[in-house]
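Colleague: The structure's right below; bear with me while I get my questions together.
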Amino acid sequence: MRLKKLFVVLAAFAALCSCKSQYEVLLNSNDVDSKYEAAFNYYNEGKYSKAASLFESLSVLTNGTEKDDTVRYYWGLSNYKFKDYFTAETNFDQFINSYPRSPFTSEARYLRLDCLYRSTLRYELDQTPTYKAINAISEYILEFPANTHMKECRDMLMELNERLDKKAYEGAKLYYKMEDYLASRVAFRNVLKDDAENVYREDILYYVAMSSYKYAYLSVPEKQRERYLTFVDDYYNFIGELPDSHYRKELDNVYRKAQKALGRDVAEIEGKEMSERDFAKERRKLMREERKSQKN
1326 MRLKKLFVVL AAFAALCSCK SQYEVLLNSN DVDSKYEAAF NYYNEGKYSK AASLFESLSV
1386 LTNGTEKDDT VRYYWGLSNY KFKDYFTAET NFDQFINSYP RSPFTSEARY LRLDCLYRST
1446 LRYELDQTPT YKAINAISEY ILEFPANTHM KECRDMLMEL NERLDKKAYE GAKLYYKMED
1506 YLASRVAFRN VLKDDAENVY REDILYYVAM SSYKYAYLSV PEKQRERYLT FVDDYYNFIG
1566 ELPDSHYRKE LDNVYRKAQK ALGRDVAEIE GKEMSERDFA KERRKLMREE RKSQKN
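Residue numbering for the sequence shown is 1326 to 1621, as defined by my numbering.
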């Protein structure tokens, strides 16, 4: 009985070694037809790593032949399916340059972009791959506006741009969390200066106003008036652009505190609805008061 089990184990081991040897023999073989057939068999079975190695080996043998574009395209596709996006992107890039008129070229162009997109990193990390992907996708959209992957390209572009927006927003927010409110206001304003369409624009404008208020509140008395006036200006900018924001109630309350600190009649402000013209008028009035106080 033990001998029978040993025989079964040995037979299974021999079969395994035989399969492995067969692959290694194919990998080192110069038989184009056999290697070509085996490479596609491995690909169709989902064994993409082995398929990629066989296609890579084949590319040396089929160079300059009618099979070469097929071999090189599936070499890249095998690496893509294996999720080796860095190697696949290189494969597709070389393929596009070598075979611009191949029937596989159109799909290879898109797959190269998808590789670049999938190789990007989360927003906390280096965004150099993100910029590279954005540039490549943007060029592709301009060059091939009628491509069949337009929606996917636009979705990738939107997601990547939002990632950059988030990185910029979160970077500025660090100063606010550290309670460095002067640096926080400058950083948030610079974010909008670099990209006025940042998807976090509402949050950024909120933090600009809150940073200026807290900076004023924590300042020495002789500096507070000037700094509260800066907050008032930021407040007017916010509600002038986003009057229905969910931040409105909080900022209104802070505005009342700032007006009280400035010696204004809070009772006049309570519940008062201001038009855009009123905002401009109020701002001019405060600026005149500030210039007058500076002269005195």
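We put the beta carbon where it would ideally sit given N, CA and C, even for glycine.
Excluding the 5 residues flanking lysine 1476 on each side, which residues of the same chain have their C-beta closer than 8 Å to its C-beta?
Modeller: Residue mapping note: residue 1476 aligns to position 151 of the sequence shown, counting from 1. Taken in chain order, the list of residues that qualify is empty.
Colleague: Going straight from the alpha carbon of arginine 1514 to that of asparagine 1416, what length do you get?
Modeller: Locating residue 1514 in the sequence shown gives position 189, where the first residue counts as 1. Locating residue 1416 in the sequence shown gives position 91, where the first residue counts as 1. Near 43 Å, if we compare the C-alpha coordinates of asparagine 1416 and arginine 1514.
Colleague: State the start and end residues of the unbroken alpha helix (DSSP H) segment that holds serine 1378.
Modeller: Here residue 1378 refers to the residue found at position 53 of the sequence shown. Counting along the chain, the alpha helix (DSSP H) containing serine 1378 begins and ends at 1373 to 1386.
Colleague: Inspect the CB distances between the region 1486 to 1494 and the region 1461 to 1478 and report whether three or more fall short of 8 Å.
Modeller: no
Colleague: Measure the C-alpha to C-alpha separation of asparagine 1562 and isoleucine 1529 and round it to an integer number of angstroms.
Modeller: Here the question's residue 1562 lines up with position 237 in the sequence shown. Here the question's residue 1529 lines up with position 204 in the sequence shown. Approximately 12 Å between the Cα atoms of the pair.
Colleague: Taking leucine 1386 as the reference, which of Phe1556, Leu1352, Ser1509 and Gln1549 has the closest Cα?
Modeller: Looking up residue 1386 in the sequence shown gives position 61. Closest by alpha carbon: Leu1352.
Colleague: Find out if the Cβ-Cβ distance for the pair tyrosine 1410, serine 1374 is shorter than 7 Å.
Modeller: One-based indexing of the sequence shown puts residue 1410 at position 85. One-based indexing of the sequence shown puts residue 1374 at position 49. In this structure, tyrosine 1410 keeps its C-beta atom at 7 Å or more from the C-beta atom of serine 1374.
Colleague: From isoleucine 1459 to leucine 1499, what does the alpha carbon distance come to, in whole angstroms?
Modeller: Residue numbering aside, residue 1459 sits at position 134 when the sequence shown is read from its first letter. Residue numbering aside, residue 1499 sits at position 174 when the sequence shown is read from its first letter. One C-alpha to the other measures close to 26 Å.
Colleague: Taking C-alpha atoms, which residue in Tyr1553, Tyr1398 and Ser1354 lies nearest to arginine 1589?
Modeller: Here residue 1589 corresponds to residue number 264 of the sequence shown, with the count starting at 1. Measuring from the Cα of arginine 1589, the nearest candidate turns out to be Tyr1553.
Colleague: Evaluate contact between the region 1391 to 1398 and the region 1420 to 1427, counting only Cβ atoms and requiring at least three cross-stretch pairs below 8 Å.
Modeller: Yes, they touch.
Colleague: Short of 7 Å in beta carbon distance, which residues of its chain neighbour asparagine 1404, apart from the five on each side in sequence? Order them along the chain.
Modeller: By one-based count along the sequence shown, residue 1404 stands at place 79. For asparagine 1404, where only same-chain residues beyond five positions count, the Cβ hits under 7 Å are Ala1377, Thr1412, Ala1413 and Asn1416.
Colleague: Touching or not, the region 1542 to 1549 and the region 1557 to 1575, by the rule of three or more beta carbon pairs under 8 Å?
Modeller: With the cut-off at 8 Å, the region 1542 to 1549 and the region 1557 to 1575 do not touch.
Colleague: What's the gap between the Cα of leucine 1402 and the Cα of valine 1350?
Modeller: By one-based count along the sequence shown, residue 1402 stands at place 77. By one-based count along the sequence shown, residue 1350 stands at place 25. Cα-Cα distance, rounded: 23 Å.
Colleague: Between Arg1437, Pro1470 and Phe1469, which lies nearest to lysine 1457 when the distance is taken from Cα to Cα?
Modeller: Within the sequence shown, the letter at position 132 stands for residue 1457. For lysine 1457, the nearest C-alpha among the options comes from Arg1437.
Colleague: With respect to the alpha helix (DSSP H) encompassing glutamate 1556, which residues constitute its N-terminal and C-terminal limits?
Modeller: Start at 1 with the first residue of the sequence shown, and residue 1556 comes out as number 231. What sits at residue 1556 in the sequence shown is phenylalanine, not glutamate. 1546 to 1566 is the span of the alpha helix (DSSP H), which, as asked, contains phenylalanine 1556.
Colleague: Where does leucine 1467 land, buried or exposed, given buried means 16+ other C-beta within 10 angstroms?
Modeller: Within the sequence shown, residue 1467 is the residue found at index 142, counting from 1. Leucine 1467 should be labelled exposed.
Colleague: Grab the span of the alpha helix (DSSP H) containing valine 1579 for me, first residue to last.
Modeller: Locating residue 1579 in the sequence shown gives position 254, where the first residue counts as 1. 1573 to 1586 is the extent of the alpha helix (DSSP H) around valine 1579.
Colleague: Is the CB-CB distance between glutamate 1522 and leucine 1567 below 7 Å?
Modeller: For this step, residue 1522 is matched to residue 197 along the sequence shown. For this step, residue 1567 is matched to residue 242 along the sequence shown. Cβ distance not < 7 Å, so glutamate 1522 and leucine 1567 don't count as in contact.
Colleague: Look up leucine 1341 in the DSSP assignment and say whether it is helix, strand or coil.
Modeller: Locating residue 1341 in the sequence shown gives position 16, counting from the first residue. With a pLDDT of 48 at leucine 1341, under the threshold of 50, the modelled position of this residue cannot be trusted, and the question is left open.
Colleague: Give me the Cβ distance between alanine 1534 and leucine 1576, rounded to the nearest whole Å; I'm assuming they're in contact under 8 Å.
Modeller: In the sequence shown, counting from the first residue as 1, residue 1534 sits at position 209. In the sequence shown, counting from the first residue as 1, residue 1576 sits at position 251. With a Cβ gap of about 6 Å, alanine 1534 and leucine 1576 count as contacting.
Colleague: So, tyrosine 1531 versus tyrosine 1572, is the Cβ gap smaller than 7 Å?
Modeller: Locating residue 1531 in the sequence shown gives position 206, counting from the first residue. Locating residue 1572 in the sequence shown gives position 247, counting from the first residue. Yes, Cβ-Cβ distance for tyrosine 1531 and tyrosine 1572 is below 7 Å.
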